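Notes follow the structure.
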Amino acid sequence: MKVSTFILFIFSLFYLEKSCAQVSINYLLSREPEFREKYEIQKDINGIKVNMNFADDSILNPGVVKRLKGLNILMIDLVYTDYRSVKTFDQPVLNLKRMQHLQKILPEAFKNSAIIWNFIAQTGCNSSEGCKDYFHGFAIYYRPKPTALSVSTELAKLECSTKRTTYWDTIKKYKVVSSYTYLPRSKSKADQGIRYTRRSIFFRKEVIVFDTVPLKRPRMRKRVVTTFEGDCPMDTAISKKPVSLVSSAFVWGNDSVVTAVLNRNKEWKNMVISVDVTGSMSPYTQQVYQWIALQSNLSRVRSFTFFNDGNSTPDHLKFAGHTGGIYDCTKLSFDHIMNSCNKAMRNGNGGDGPENDVESILHIQDEFKNVKEVILIADNFANMRDFKLIEKIQVPVRVILCGASWGVNSEYLKLARSTGGSVHTMEQDLNTLANMMEGETIKIGKQKYKLQKGEFVLTP
Numbered sequence: 034m035k036v037s038t039f040i041l042f043i044f045s046l047f048y049l050e051k052s053c054a055q056v057s058i059n060y061l062l063s064r065e066p067e068f069r070e071k072y073e074i075q076k077d078i079n080g081i082k083v084n085m086n087f088a089d090d091s092i093l094n095p096g097v098v099k100r101l102k103g104l105n106i107l108m109i110d111l112v113y114t115d116y117r118s119v120k121t122f123d124q125p126v127l128n129l130k131r132m133q134h135l136q137k138i139l140p141e142a143f144k145n146s147a148i149i150w151n152f153i154a155q156t157g158c159n160s161s162e163g164c165k166d167y168f169h170g171f172a173i174y175y176r177p178k179p180t181a182l183s184v185s186t187e188l189a190k191l192e193c194s195t196k197r198t199t200y201w202d203t204i205k206k207y208k209v210v211s212s213y214t215y216l217p218r219s220k221s222k223a224d225q226g227i228r229y230t231r232r233s234i235f236f237r238k239e240v241i242v243f244d245t246v247p248l249k250r251p252r253m254r255k256r257v258v259t260t261f262e263g264d265c266p267m268d269t270a271i272s273k274k275p276v277s278l279v280s281s282a283f284v285w286g287n288d289s290v291v292t293a294v295l296n297r298n299k300e301w302k303n304m305v306i307s308v309d310v311t312g313s314m315s316p317y318t319q320q321v322y323q324w325i326a327l328q329s330n331l332s333r334v335r336s337f338t339f340f341n342d343g344n345s346t347p348d349h350l351k352f353a354g355h356t357g358g359i360y361d362c363t364k365l366s367f368d369h370i371m372n373s374c375n376k377a378m379r380n381g382n383g384g385d386g387p388e389n390d391v392e393s394i395l396h397i398q399d400e401f402k403n404v405k406e407v408i409l410i411a412d413n414f415a416n417m418r419d420f421k422l423i424e425k426i427q428v429p430v431r432v433i434l435c436g437a438s439w440g441v442n443s444e445y446l447k448l449a450r451s452t453g454g455s456v457h458t459m460e461q462d463l464n465t466l467a468n469m470m471e472g473e474t475i476k477i478g479k480q481k482y483k484l485q486k487g488e489f490v491l492t493p
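Each number in this note's numbering corresponds to the 1-based position in the sequence shown with 33 added.
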């Protein structure tokens with residue numbers, strides 16, 4: 034490594050240690066770049082561009098980052114051209130300077146290890162003049178603040194996805210007797226209620242309906258979940274008595290972490306489950322509903338608590354430990370749970386990025402005496418507004434992290450370690466965090482974290 038590069042690396046480490054960042058620039062610079070002919074900003078995600086000139090580290094529009102105040106950053110692309118006008122040009126040194134300038138105006142970008150970082154080297158230009166037409170700088174993608182309209186939209190999706198049909202299976206001569214119909218591929222026909230009695234060569238989607246043969250009384254009831262694609266399915270089950278059924282429509286992506294973790298950890302008993310129901314969490318709220326619907330009973334659960342970070346309180350009036358927007362539900366019927374959750378969602382539109390996770394845990398600790406542990410369903414991309422209050426928590430916290438496909442927010446690792454709890458992702462149960470010693474590392478997914486001065490820091 035060149036002397037100049039080495040000196041800059043050492044400076045970056047010192048600079049970041051002083052700023053208490055979760056993610057060091059040195060770690061980020063170890064990532065391999067992705068090569069593209071020309072970079073185009075993504076249109077399907079909210080984003081801003083922090084502009085720079087070719088082969089220069091000065092930020093041309095520093096004021097643009099004000100738009101990110103209080104928002105959760107999801108992904109940052111550092112974009113540059115691969116062309117070198119002189120052989121002595123050192124791209125890593127330029128990248129380092131650019132990131133240091135970004136850190137000065139946007140330090141929060143380096144305080145959340147869940148943020149996805151990409152280095153994009155453009156290969157489409159072969160001259161200094163030609164490269165000036167290419168974007169250089171940072172493309173920063175973020176989650177917008179929820180609004181009353183966006184919350185209403187998410188509630189409508191949840192209501193649609195939890196739309197219950199009725200059914201029963203009956204036993205006749207000790208065998209289950211069922212009848213089947215099939216949905217047409219045409220949406221207009223499906224909307225008209227048209228069904229088919231046998232499968233066609235086009236493999237229409239199968240929908241379970243139930244035997245209508247007259248019987249004196251039902252012999253058996255059985256719970257069934259049917260998978261659909263696209264919009265919410267029509268009610269297609271036939272029955273004389275209602276039994277709850279929840280379809281799996283509106284499952285966003287492949288991150289079914291909530292149901293996976295709750296099903297995987299059957300030893301959890303007497304659970305008090307605290308759920309972040311801010312606007313970004315509706316895909317995971319749906320999973321909570323689905324998990325509840327599939328339980329023959331909720332004997333493992335003591336209560337649910339839903340929190341929305343302040344009931345639409347203006348950001349400047351939110352104080353750690355006193356933000357509000359916390360709703361308990363101790364009546365464990367599906368309707369009571371869903372109504373409590375929907376109320377919390379409806380009252381919590383708007384607000385900045387950090388959430389009041391710790392406040393909800395302290396509330397549970399005070400409200401439910403002798404609670405043994407808290408299950409926290411948390412947003413991986415959102416830091417905790419009241420993180421400084423974790424020393425007041427006296428029960429183990431088991432964190433189910435939502436949206437942790439790239440990396441884990443180090444704040445939740447520290448929360449679990451400090452309380453003797455655990456962190457759970459789609460693939461892993463991290464049950465030994467409390468036993469980690471200073472300097473030890475742990476691999477979570479594809480990322481490695483080092484315990485350094487009590488903090489979990491990403492490390493190569």
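The C-beta atom is built at its ideal place from N, Cα and C for all residues, glycine as well. Keep in mind it's a predicted model, so treat the numbers as computed, not measured.
Classify H396 as helix, strand or coil using the three-state DSSP reduction.
Taking the first residue of the sequence shown as 1, we reach residue 396 at position 363. In the structure shown, the three-state DSSP call for H396 is helix.
Touch test, the segment 174 to 186 against the segment 384 to 399, Cβ-Cβ under 8 Å, three pairs minimum:
Taking a cut-off of 8 Å for Cβ pairs, the segment 174 to 186 and the segment 384 to 399 touch, as three or more such pairs fall below it.
Within its chain, find whatever has a CB closer than 6 Å to the CB of L331; leave out the 5 residues flanking it on each side and keep chain order.
Numbered from its first residue, the sequence shown carries residue 331 at position 298. So the qualifying residues of the chain are L365.
Could you give the first and the last residue of the continuous beta strand (DSSP E) run that contains Y317?
Counting from one through the sequence shown, the residue named residue 317 turns up at place 284. DSSP places Y317 outside any beta strand (DSSP E); the residue lies instead in the alpha helix (DSSP H), whose first and last residues are 315 to 326.
Considering only the alpha carbon of each residue, which of R117, A154, L101 lies closest to L111?
Numbered from its first residue, the sequence shown carries residue 111 at position 78. For L111, the nearest C-alpha among the options comes from A154.
Which residue marks the beginning of the alpha helix (DSSP H) containing R297, and which one marks its end?
The sequence position of residue 297 within the sequence shown is 264, counting from 1. According to the DSSP assignment, R297 belongs to the alpha helix (DSSP H) that extends over 290 to 297.
Three-state secondary structure (DSSP) at E6?
There is no way to answer for residue 6, as the model of the chain reaches only from 34 to 493.
Buried versus exposed, by CB contacts within 10 Å (16 or more), H169:
Working through the sequence shown from its first residue, we reach residue 169 at position 136. Classification of H169: buried, given that the 10 Å Cβ count is 16 or more.
Grouping DSSP H, G and I as helix and E and B as strand, with all else coil, what is F367?
Position 334 of the sequence shown, counting from 1, holds the residue named residue 367. DSSP places F367 in helix when its eight states are reduced to three.
Who are the Cβ neighbours of I370 in its own chain at under 7 Å, not counting the five residues just before and after it?
Counting from 1 along the sequence shown, the entry for residue 370 is found at position 337. In the same chain as I370, and ignoring 5 residues on each side of it, the C-beta atoms closer than 7 Å to its own belong to I325, F337, C362, in chain order.
Hey, out of C435, A415, K421, A449, whose CA is closest to N105's CA?
The residue labelled residue 105 in the question sits at position 72 within the sequence shown. Closest by alpha carbon: A415.
Contact between the segment 54 to 63 and the segment 80 to 100 (3+ Cβ pairs under 8 Å)
Touching, no.
Which of the three DSSP states, helix, strand or coil, is assigned to T245?
If you number the sequence shown from 1, residue 245 lands on position 212. The predicted model places T245 with a pLDDT of 36, which falls under 50 and marks its position as unreliable; any figure quoted below should be read in that light. Here T245 sits in coil by DSSP.
Measure the C-alpha to C-alpha separation of N380 and S345 and round it to an integer number of angstroms.
By one-based count along the sequence shown, residue 380 stands at place 347. By one-based count along the sequence shown, residue 345 stands at place 312. Approximately 7 Å, taken between the alpha carbons.
Could you check if R78 is buried or exposed, using at least 16 other CB atoms within 10 Å of its CB as the buried criterion?
Sequence index remark: in the sequence shown, residue 78 carries index 45 (1-based). The displayed chain sequence assigns Ile, not Arg, to residue 78. With fewer than 16 other Cβ atoms within 10 Å, it is exposed.
Need the endpoints of the beta strand (DSSP E) that V428 sits in, please.
Working through the sequence shown from its first residue, we reach residue 428 at position 395. From DSSP, V428 is part of no beta strand (DSSP E); its letter is neither H nor E.
Per the DSSP calculation, G170 is bridged to which residue(s)?
Residue mapping note: residue 170 aligns to position 137 of the sequence shown, counting from 1. Beta bridge pairing from DSSP links G170 with N84, V112.
E460 - DSSP class collapsed to helix/strand/coil
Translated into positions along the sequence shown, residue 460 becomes position 427. In the structure shown, E460 sits in coil (DSSP, three-state: anything other than H, G, I, E or B).
Would D156 and E70 qualify as a contact pair, given that the criterion is a beta-carbon distance under 8 Å?
Mapped onto the sequence shown, residue 156 falls at position 123. Mapped onto the sequence shown, residue 70 falls at position 37. It should be noted that the sequence gives Thr, not Asp, for residue 156. Cβ atoms of T156 and E70: closer than 8 Å.
DSSP state of N375, grouped into three classes?
As a working mapping, residue 375 is identified with position 342 in the sequence shown. In the displayed model, N375 falls within a helix according to three-state DSSP.
CB V404 to CB V321, shorter than 8 Å?
For the purposes of this step, residue 404 is taken as the residue at position 371 of the sequence shown. For the purposes of this step, residue 321 is taken as the residue at position 288 of the sequence shown. Contact: no.
Find the nearest neighbour of A437 within the set R117, P140, T458, judged by alpha-carbon distance.
Translated into positions along the sequence shown, residue 437 becomes position 404. The candidate whose alpha carbon is nearest that of A437 is T458.
Are the beta-carbon atoms belonging to G103 and A172 less than 8 Å from one another?
Position 70 of the sequence shown, counting from 1, holds the residue named residue 103. Position 139 of the sequence shown, counting from 1, holds the residue named residue 172. Taking 8 Å as the cut-off, the Cβ atoms of G103 and A172 do not count as close.
In the DSSP assignment, find the alpha helix (DSSP H) that holds V126 and state where it starts and stops.
The residue labelled residue 126 in the question sits at position 93 within the sequence shown. Under the DSSP assignment, V126 falls in the alpha helix (DSSP H) whose first and last residues are 124 to 138.
Please name the residue or residues paired with K483 in a DSSP beta bridge.
As a position in the sequence shown, residue 483 is number 450, starting the count at 1. DSSP, once it has assigned bridges, lists T474, V490 as partnering K483.
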